[in-house]
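See below for the structure under consideration.
Numbering (the working numbering), first residue to last: 214 to 383.
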């Protein structure tokens with residue numbers, strides 16, 4: 214019986230993309246976080262979505278929960294939000310992907326829908342616990358729009374290398 218290399222590569226890639234999210238946010242902080250915009254890097258979600266679409270990954274829900282826990286520990290300061298949201302997004306994406314052929318445009322639309330849901334749920338939870346008082350219109354204009362644009366660019370750059378990676382090692 215042959216052991217899949219993805220068994221080792223997926224957890225390493227998960228933590229690399231978590232690190233990449235934080236590093237890019239830190240590196241581009243003067244541009245990402247201004248008085249008029251707030252861009253949230255969601256490359257970890259890209260890794261998970263492409264893993265669902267093109268990879269054969271064992272224990273994807275567990276890895277997404279672990280990634281969410283580390284995201285909460287290092288970036289949000291509130292345990293539980295991403296620990297629950299990332300596995301929910303994996304579950305949702307797995308169910309959505311079964312109805313569509315996997316192509317560049319279809320996976321892009323699924324990814325953008327996932328970012329919209331994840332970012333909106335994150336906003337709602339933060340509004341519920343009192344961490345934000347921004348209105349929904351402000352959230353859409355200053356956070357969701359720029360976040361979708363940034364992550365769209367990341368998708369265009371990373372789609373083909375990650376697709377080839379997942380197809381080769383799965």
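For every residue, glycine included, the Cβ atom is placed at its ideal position computed from N, Cα and C.
Exposed or buried, what is residue i when buried is set at 16 or more other beta-carbons lying within 10 Å of its beta-carbon?
{"i": "residue 214", "result": "With a pLDDT of only 45 at residue 214, under 50, the local geometry of the prediction cannot be trusted, and the value read off the model is given with reservation. Classification of residue 214: exposed, given that the 10 Å Cβ count is below 16."}
{"i": "residue 313", "result": "exposed"}
{"i": "residue 275", "result": "exposed"}
{"i": "residue 308", "result": "exposed"}
{"i": "residue 292", "result": "exposed"}
{"i": "residue 327", "result": "buried"}
{"i": "residue 380", "result": "exposed"}
{"i": "residue 273", "result": "buried"}
Is it the case that the Cβ atoms of residue i and residue j are separated by a distance below 8 Å?
{"i": "residue 325", "j": "residue 361", "result": "yes"}
{"i": "residue 306", "j": "residue 353", "result": "no"}
{"i": "residue 344", "j": "residue 222", "result": "no"}
{"i": "residue 235", "j": "residue 288", "result": "yes"}
{"i": "residue 268", "j": "residue 219", "result": "yes"}
{"i": "residue 408", "j": "residue 283", "result": "Because residue 408 is not part of the residues shown, which for the chain are 214 to 383, the question remains open."}
{"i": "residue 355", "j": "residue 250", "result": "yes"}
{"i": "residue 338", "j": "residue 377", "result": "no"}
{"i": "residue 336", "j": "residue 252", "result": "no"}
Considering only residues of the same chain and omitting the five flanking positions on each side of residue i, which have a CB-CB separation below 8 Å?
{"i": "residue 372", "result": "263, 317, 320 and 321"}
{"i": "residue 303", "result": "261, 265, 273, 274 and 277"}
{"i": "residue 342", "result": "291"}
{"i": "residue 346", "result": "340"}
Going along the chain, which residues of its own chain have a beta-carbon closer than 7 Å to the beta-carbon of residue i, five neighbours each way excluded?
{"i": "residue 386", "result": "In the structure as shown, the chain begins at 214 and stops at 383. Residue 386 is therefore absent and cannot be evaluated."}
{"i": "residue 270", "result": "219, 223 and 264"}
Short of 6 Å in beta carbon distance, which residues of its chain neighbour residue i, apart from the five on each side in sequence? Order them along the chain.
{"i": "residue 375", "result": "263"}
{"i": "residue 233", "result": "256"}
{"i": "residue 315", "result": "266"}
{"i": "residue 246", "result": "none"}
* So, do the segment 290-302 and the segment 250-263 have three or more beta carbon pairs nearer to each other than 8 Å? -> Contact holds: three or more Cβ-Cβ distances are below 8 Å.
* Hey, which unbroken runs of the alpha helix (DSSP H) at 4 residues or more fall wholly within the segment 264-325? -> 273-284 and 294-310
* Would you mind listing the alpha helix (DSSP H) stretches within the segment 354-378 that are 4+ residues and don't spill past its ends, in chain order? => Qualifying alpha helix (DSSP H) stretches: none in this window.
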